[in-house]
Structure formats: structure tokens, C-alpha cells
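Residue numbers (numbering that gives the first Met the number 0), protein chains in the order written: chain U, 0 to 329; chain B, 0 to 233.
Glycine residues also receive a C-beta, built at the ideal position from the N, C-alpha and C atoms.
The model shown is predicted, which means the values in this text are computed figures rather than measured ones.
Written out below as C-alpha cells is the structure these notes cover.
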Amino acid sequence: MNDFIFFINNGLIAGLIIGSIYALGAVGVTLVFGILRFAHFAHGDIMTMGAFFSLIIAYLLQAAGFHSIFALVFIGMFPAMVITALIAIGFDRVFYKPLREAGARPIVLVMASLGVTLMLQGVIRLFGGVSARNMFIDRPKEIFQFHVPGAHRPIVLTEPEVILFIFTAVTVVALHYFLTRTRLGKAMRAVSDNPDLARITGINTEHVVWATWIIGGALACAAGTLLSMDVALKPDLSWNILLPIFAATIVGGIGQPYGAIAGGFLVGLCESLSVFNWAILLRPIKPLLWFDIPSSLAIVPTQYKLMVPFVILIIVLIYRPTGIFKGRVL
Amino acid sequence: MSLLSVTNLHAGYGQMTILKGVDMALDAGEIGVIVGPNGAGKSTMLKAIFGMLTISEGSISFDGADVTGIRPEKLAGHKIAFVPQEANVFASLTVQENLEMGAYSRRDAYDGIIDNVYELFPDLKNKRRQPAGELSGGQRQMVAFGRALMIEPKLILLDEPTAGLSPLFMSVIFDRVIAINRTGVTVAMVEQNAKQALAIAHKGFVLANGQNSYTGTGSELLANPDVARSFLGG
Numbered sequence: 000m001n002d003f004i005f006f007i008n009n010g011l012i013a014g015l016i017i018g019s020i021y022a023l024g025a026v027g028v029t030l031v032f033g034i035l036r037f038a039h040f041a042h043g044d045i046m047t048m049g050a051f052f053s054l055i056i057a058y059l060l061q062a063a064g065f066h067s068i069f070a071l072v073f074i075g076m077f078p079a080m081v082i083t084a085l086i087a088i089g090f091d092r093v094f095y096k097p098l099r100e101a102g103a104r105p106i107v108l109v110m111a112s113l114g115v116t117l118m119l120q121g122v123i124r125l126f127g128g129v130s131a132r133n134m135f136i137d138r139p140k141e142i143f144q145f146h147v148p149g150a151h152r153p154i155v156l157t158e159p160e161v162i163l164f165i166f167t168a169v170t171v172v173a174l175h176y177f178l179t180r181t182r183l184g185k186a187m188r189a190v191s192d193n194p195d196l197a198r199i200t201g202i203n204t205e206h207v208v209w210a211t212w213i214i215g216g217a218l219a220c221a222a223g224t225l226l227s228m229d230v231a232l233k234p235d236l237s238w239n240i241l242l243p244i245f246a247a248t249i250v251g252g253i254g255q256p257y258g259a260i261a262g263g264f265l266v267g268l269c270e271s272l273s274v275f276n277w278a279i280l281l282r283p284i285k286p287l288l289w290f291d292i293p294s295s296l297a298i299v300p301t302q303y304k305l306m307v308p309f310v311i312l313i314i315v316l317i318y319r320p321t322g323i324f325k326g327r328v329l
Numbered sequence: 000m001s002l003l004s005v006t007n008l009h010a011g012y013g014q015m016t017i018l019k020g021v022d023m024a025l026d027a028g029e030i031g032v033i034v035g036p037n038g039a040g041k042s043t044m045l046k047a048i049f050g051m052l053t054i055s056e057g058s059i060s061f062d063g064a065d066v067t068g069i070r071p072e073k074l075a076g077h078k079i080a081f082v083p084q085e086a087n088v089f090a091s092l093t094v095q096e097n098l099e100m101g102a103y104s105r106r107d108a109y110d111g112i113i114d115n116v117y118e119l120f121p122d123l124k125n126k127r128r129q130p131a132g133e134l135s136g137g138q139r140q141m142v143a144f145g146r147a148l149m150i151e152p153k154l155i156l157l158d159e160p161t162a163g164l165s166p167l168f169m170s171v172i173f174d175r176v177i178a179i180n181r182t183g184v185t186v187a188m189v190e191q192n193a194k195q196a197l198a199i200a201h202k203g204f205v206l207a208n209g210q211n212s213y214t215g216t217g218s219e220l221l222a223n224p225d226v227a228r229s230f231l232g233g
């Protein structure tokens with residue numbers, strides 16, 4: 000039973016956690032992909048930047064003598080989301096919009112976003128240094144333990160993980176409501192579906208572009224902050240997260256927000272279940288087996304974890320390029 | 000004065016000029032049909048009116064205002080609607096949502112207008128929660144019309160509305176065009192099925208090689224032996 004709890008903690012829950020992060024990031028990427036028609040590589044660094052804003056605001060709150068049962072960095076996350084959203088719109092206005100209006104091909108926009116990535120990497124290191132930072136500046140994070148009868152190992156959930164699950168659930172519901180019940184949300188779906196017809200119909204594409212960056216930027220900030228709360232804030236957060244997020248986006252179908260969420264969880268769970276040492280689950284039935292179980296039955300060694308989204312991406316691109324939810328093939 | 004007045008229009012795609020000095024005038028409440036061989040510039044004409052390509056010379060005036068080269072987004076404000084030939088619905092949105100998007104530029108309540116559209120196209124009412132991409136070609140065309148009607152346009156531009164449809168649906172579409180026209184909407188329609196189209200037209204414009212070839216009322220053109228020989232299959 001203990002081994003099963005270990006599986007739940009380190010296989011299932013770990014997969015859902017990283018899956019939630021990927022889902023939140025992938026929604027932004029897929030919206031930009033679908034509406035602005037390019038792969039936004041700077042998304043990972045916007046996540047890092049957003050996390051830094053959350054931390055800075057947390058420090059400001061602390062200096063102002065603010066107290067709360069919630070972690071200061073979590074409270075700081077919300078204004079940070081607004082700031083990140085505005086900066087995302089700013090980047091679009093300065094870097095991407097002029098290229099769009101000059102009729103640049105999508106690959107040129109991708110290169111521009113790579114440039115933004117490098118710029119952000121430098122700026123973040125310039126102001127934030129290169130070391131890892133703990134986001135819980137006021138008090139250590141809470142750890143919740145759930146004891147299951149029959150096992151003395153508890154199911155463990157940390158405070159940032161609980162916040163992340165709740166935040167992701169709320170985001171999914173809110174996003175669904177926004178896309179299916181509001182005028183602007185439907186307009187976003189329309190522009191993603193057929194941008195030429197959207198212009199002819201009289202839909203204000205400017206508003207739709209803003210909404211895309213606001214949602215993408217805000218969710219990127221949240222994903223970056225929540226991930227850093229769970230681990231630590233490092234300036235190179237983006238490198239390891241960009242590939243899985245793009246894999247999640249493409250698996251779900253480009254331009255399909257629900258696909259991005261499903262894709263995020265799929266990639267996250269595949270990752271954590273691939274590096275999980277399945278030998279541990281076989282331990283209870285060891286006496287029944289006539290052969291020796293090797294000490295490590297992980298499908299992929301932990302250091303090669305990044306291989307998993309890569310393989311998923313290759314498989315999807317070969318066998319089902321439109322993704323689960325049949326998105327666009329760009 | 001004409002509602003729509005196109006004078007000496009030279010227009011095309013980038014450097015390529017397709018229309019070389021075309022004139023067209025439609026009075027309010029008329030159905031105007033543009034016919035001609037492939038490549039004559041029929042669709043180009045509609046796209047030029049709707050500001051979708053380069054106009055090098057000439058002018059377009061609508062309801063007294065100069066709309067030459069105006070950006071497509073602004074034309075809903077002038078009460079001009081355009082139904083393109085292809086990709087003319089939001090396939091992933093439901094029929095109802097397509098209509099709602101048609102009304103995007105409106106600031107007022109438009110439930111009454113949606114009801115009118117469903118009255119004009121009763122088939123759509125049953126399918127209003129279905130994604131438009133799942134409907135048949137003829138029904139999709141109706142959604143495209145309905146979407147255009149949501150701004151209560153004074154002028155509606157239709158680019159080959161019966162293209163690819165069965166003969167039965169063709170009659171239905173032409174019938175609906177007449178019905179729309181009876182509510183006071185001026186129609187400018189490009190059509191490949193010249194005979195049936197000219198039969199319902201108040202004015203007909205035959206284009207060839209980017210220029211006016213014959214102009215007259217629908218019945219005049221149908222009776223004209225030259226027109227009949229060239230475009231109407233005798």
C-alpha cells in the first residue's frame with residue numbers, strides 16, 4: 000500500500016502538477032498560434048518574467064508590513080498577472096505588430112519572438128541575478144498530508160500544489176465560459192477560425208489581439224509563479240518548459256484551447272509516468288514472481304526527462320499532425 | 000441618384016490590373032447581376048467595392064458617400080455586407096454564433112433580427128446549435144446570407160451564391176435573394192448561372208476582359224441575341 004501511495008505522490012500527482020503548468024502555458028501559446036498565426040517562443044520567458052514580478056510585489060507587500068494567511072507571493076501574483084498582460088501587449092505593439100503590418104511571413108515573427116526570448120533572458124539575469132530564489136519569503140510553505148488507512152506513508156500535497164490545482168480548475172471553467180458565452184470570446188474563436196471573414200464581418204480584430212495577449216500573458220505569469228512556488232524561481236525556467244508546452248499545444252491541436260489543456264495534462268502525465276520507477280509498484284508482488292525485478296524500471300532515466308515531450312511531439316506530427324482536437328496545420 | 004455608383008474603376012491585385020475602367024450604377028431596392036466569362040473580373044468587382052484590393056483609378060460612391068478603397072472593417076458602418084464565395088462561414092462556430100458574429104458591430108439588441116433571419120431560412124432554426132461546418136453546402140450558404148443580414152444592410156454583395164449547389168438549392172437561393180430584396184435590401188450579385196440570375200435581375204452588367212460589355216435590364220439582356228450566344232448557352 001505504501002508503494003501505491005508512493006506511486007500516487009510521485010507518479011500521478013507529480014504528473015497532474017506539471018501537467019497543470021503545461022496546460023496554463025499551452026493555452027496562451029495556442030491562442031497566439033491560432034489568432035496571430037505564429038509560434039510564440041518568448042512564452043517561456045514571459046512565464047519567468049511574470050514570476051519575478053510576483054516576487055517583487057511580494058517583497059513590496061512585506062516591506063509595507065502586510066500580513067495574510069495566504070502566501071504574499073500568491074497575493075502578489077494577481078497584480079503581476081495584470082502587469083505581465085500589459086507588457087505582453089507592449090511587446091506585440093513594439094515587436095510583432097510592425098512585422099504583421101509589413102506583411103511578414105510567420106517564420107519572421109517566430110524569429111522575432113526568439114529575439115524577445117534572448118532579450119528577456121538577459122534582462123531577467125541583469126536585474127534578478129542567476130541564482131535560484133525561494134518564493135516563500137514570509138513563511139515556509141504549508142505541507143498537507145492525507146493519511147490513507149492501510150498505509151503509513153501519507154499522500155502529500157504542498158500549498159503551492161493545492162493553489163495550482165484550484166487555479167487551473169477555475170481557469171478552465173472561466174475560459175470555457177469566456178469562449179462560449181461572451182461576445183469577445185466568440186469573436187476570438189471566429190478570428191481563429193477564419194480571420195479574413197472576421198474582418199469582412201466587422202469584428203474588431205484589434206480587440207481580439209489584445210484579448211489574446213492579455214489571456215496568454217496573465218496565464219503565463221500564473222504558470223511561472225505557481226511553478227516557481229513549487230520548486231524555486233530560476234532565470235532559466237523557460238528552457239526546460241518551452242518544449243513541453245509546445246508539445247502540449249501541438250498535441251492538443253493548434254488553436255484549440257481545450258486541446259491545449261488536454262495536451263498539457265497528457266504531456267505532464269506521460270513525463271512523470273515515464274520517469275517513474277515502476278519497479279517500486281512491483282515490489283509488493285515480488286514473492287510471487289519467479290524472476291528478479293531490476294532496481295530501476297523507469298521507462299526513461301530522470302536526466303532524460305525532456306525526451307518525453309520530444310518523442311510525443313514527433314509521434315503526433317507523424318501520425319496526427321492536427322492534434323487531438325483537430326486544430327490547424329500551420 | 001444611384002445608391003451605388005462605380006465610375007471608371009481600375010482595380011486589381013497588387014501590380015496586376017484586372018478591371019480596366021468599369022462603370023456600374025444601382026438604384027436603391029434593385030437587384031443587380033454581374034455576369035461574364037471566367038476571368039472577366041466579376042468577383043474582382045465585388046472585392047473592389049468592399050475594399051479588399053488595390054484600386055488604381057476610378058471611384059465608388061455609396062449612398063452619397065465616397066467609399067473608394069475603404070477598409071473592409073469600416074463597411075459594416077456604411078451598411079454594406081459581403082458574402083464571399085468560399086470560406087463564407089465560421090465553420091467551428093454554431094449557426095447561432097455565426098449570426099451573433101454578424102451582429103458584432105451592432106451596439107443594440109438584435110434578437111428581432113435573428114428571428115427575421117430564421118423566418119427567411121426556417122431550416123437554420125432547427126440547426127442553430129450545430130457547427131456551421133457540419134451543414135450541407137446549401138445550408139452553409141444560408142448561414143452566410145444570414146450572417147450578412149445581421150447588420151440590416153442597405154446593400155448586400157453576393158459572390159456566386161449558387162456555386163457548387165444542386166439545381167434545387169439554386170432555385171431556393173434565388174428565391175431567398177428575391178425575398179431579401181423585397182425587405183428593401185439592394186443586391187449586387189455575381190453569378191455564373193447567368194440565365195437564372197438575369198431572370199430575377201432589375202439590372203444586368205456583362206463584363207468581359209475587365210470592361211463593360213453589355214448593360215441593361217435583366218430582360219433586355221436575356222432577349223439580346225449576342226448576349227445569349229456568348230454567355231447564356233443559346
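{"Asked": "Quick one: residues in its chain with C-beta nearer than 7 Å to the C-beta of U/Pro-293, no 5 flanking neighbours on either side, listed in chain order?", "Found": "Ala-278"}
{"Asked": "Thinking C-alpha only, which one of U/Leu-288, U/Val-250 and U/Cys-269 is nearest U/Thr-317?", "Found": "The residue you asked about is not Thr; residue 317 of chain U is Ile in the sequence shown. Checking every option, the nearest Cα to that of U/Ile-317 belongs to U/Val-250."}
{"Asked": "Using a C-beta to C-beta distance shorter than 8 Å, which residues of chain B count as neighbours of U/Ala-186?", "Found": "Met-100 and Tyr-103"}
{"Asked": "Run through DSSP, which three-state label would U/Phe-6 get?", "Found": "helix"}
{"Asked": "Look up U/Arg-319 in the DSSP assignment and say whether it is helix, strand or coil.", "Found": "coil"}
{"Asked": "Give a yes or no on whether the minimum CB-CB distance between U/Ala-189 and chain B is below 9 Å.", "Found": "yes"}
{"Asked": "So which of B/Lys-19, B/Asn-192, B/Gly-11 and B/Gly-63 has the shortest CA-CA distance to B/Asn-208?", "Found": "B/Lys-19"}
{"Asked": "Skipping 5 residues on each side, what residues in its chain have a beta carbon closer than 6 Å to that of U/Tyr-58?", "Found": "none"}
{"Asked": "In this structure, does DSSP put B/His-9 in helix, strand or coil?", "Found": "strand"}
{"Asked": "Could you work out which residues of chain U lie near B/Leu-92, taking near to mean beta carbons separated by less than 8 Å?", "Found": "Lys-185, Arg-188, Ala-189 and Asp-192"}
{"Asked": "To be precise: take each residue of the segment 185 to 214 of chain B, compare its Cβ to all Cβ atoms of chain U, and keep it if any distance is under 9 Å. Which residues remain?", "Found": "none"}
{"Asked": "Spell out whether any CB of chain U is found under 9 Å from the CB atom of B/Glu-96.", "Found": "yes"}
{"Asked": "Kindly indicate if chain B contains any beta-carbon less than 9 Å away from that of U/Asn-203.", "Found": "yes"}
{"Asked": "Could you name each continuous beta strand (DSSP E) segment of 3 residues or more that falls completely within the segment 123 to 161 of chain U, going from the start of the chain to the end?", "Found": "142 to 145 and 154 to 157"}
{"Asked": "List the residues of chain U that B/Arg-146 touches, going by C-beta distances under 9 Å, in chain order.", "Found": "Leu-196 and Thr-200"}
{"Asked": "Tell me, please, which residues DSSP counts as bridged to B/Leu-18.", "Found": "B/Ala-10"}
{"Asked": "When the Cα of U/Phe-51 is compared with those of U/Tyr-303, U/Leu-232 and U/Val-31, which residue comes out closest?", "Found": "U/Leu-232"}
{"Asked": "For B/Asn-87, go through chain U and note every residue whose CB falls closer than 7 Å to its CB, in chain order.", "Found": "Leu-196"}
{"Asked": "With DSSP as the reference, identify every bridge partner of B/Gly-215, one or two as the case may be.", "Found": "B/Gly-203"}
{"Asked": "Going along the chain, which residues of its own chain have a beta-carbon closer than 7 Å to the beta-carbon of U/Met-0, five neighbours each way excluded?", "Found": "Gly-149 and Ala-150"}
{"Asked": "Quick one: residues in its chain with C-beta nearer than 8 Å to the C-beta of B/Leu-123, no 5 flanking neighbours on either side, listed in chain order?", "Found": "Val-94, Val-116, Tyr-117, Gln-138, Met-141, Val-142 and Gly-145"}
{"Asked": "On a CA-only basis, which of B/Val-21, B/Pro-121 and B/Gly-13 is nearest B/Ser-212? Give me that one, please.", "Found": "B/Val-21"}
{"Asked": "Consider the Cβ of U/Arg-99: report whether some Cβ of chain B lies at a distance smaller than 9 Å.", "Found": "no"}
{"Asked": "DSSP three-state call for B/Glu-151: helix, strand or coil?", "Found": "coil"}
{"Asked": "By the three-class DSSP mapping on this structure, what secondary structure does U/Val-93 have?", "Found": "helix"}
{"Asked": "Inspect the beta-carbon positions of B/Val-5 and B/Leu-206 and report whether they are closer than 9 Å.", "Found": "no"}
{"Asked": "Quick check on the DSSP output: the beta strand (DSSP E) that includes B/Gly-57 runs from which residue to which?", "Found": "53 to 61"}
{"Asked": "Do B/Leu-25 and B/Lys-78 come within 9 Å of each other at the CB atom, strictly closer than that value?", "Found": "no"}
{"Asked": "According to DSSP, simplified to helix, strand and coil, what is U/Asp-229?", "Found": "helix"}
{"Asked": "Tell me which residues of the segment 142 to 168 of chain B have at least one Cβ-Cβ distance to chain U shorter than 8 Å, keeping chain order.", "Found": "Arg-146 and Ile-150"}
{"Asked": "Count the other CB atoms within 10 Å of the CB of U/Glu-158; is the residue buried (16 or more) or exposed (fewer)?", "Found": "buried"}
{"Asked": "Does the ligand SAH have a heavy atom nearer than 8 Å to the CB of B/Leu-2?", "Found": "The ligand SAH is not part of this structure, which contains no ligands at all."}
{"Asked": "So, using beta-carbon positions, are U/His-206 and U/Ala-189 closer together than 9 Å?", "Found": "no"}
{"Asked": "Is U/Arg-36 close to chain B? Criterion is C-beta to C-beta, closer than 9 Å.", "Found": "no"}
{"Asked": "Since I believe U/Gly-262 is in contact with U/Ala-25 (beta carbons under 8 Å), could you give me their beta-carbon distance rounded to a whole number of angstroms?", "Found": "6 Å"}
{"Asked": "Please confirm whether B/Ala-24 has its beta-carbon closer than 9 Å to some beta-carbon of chain U.", "Found": "no"}
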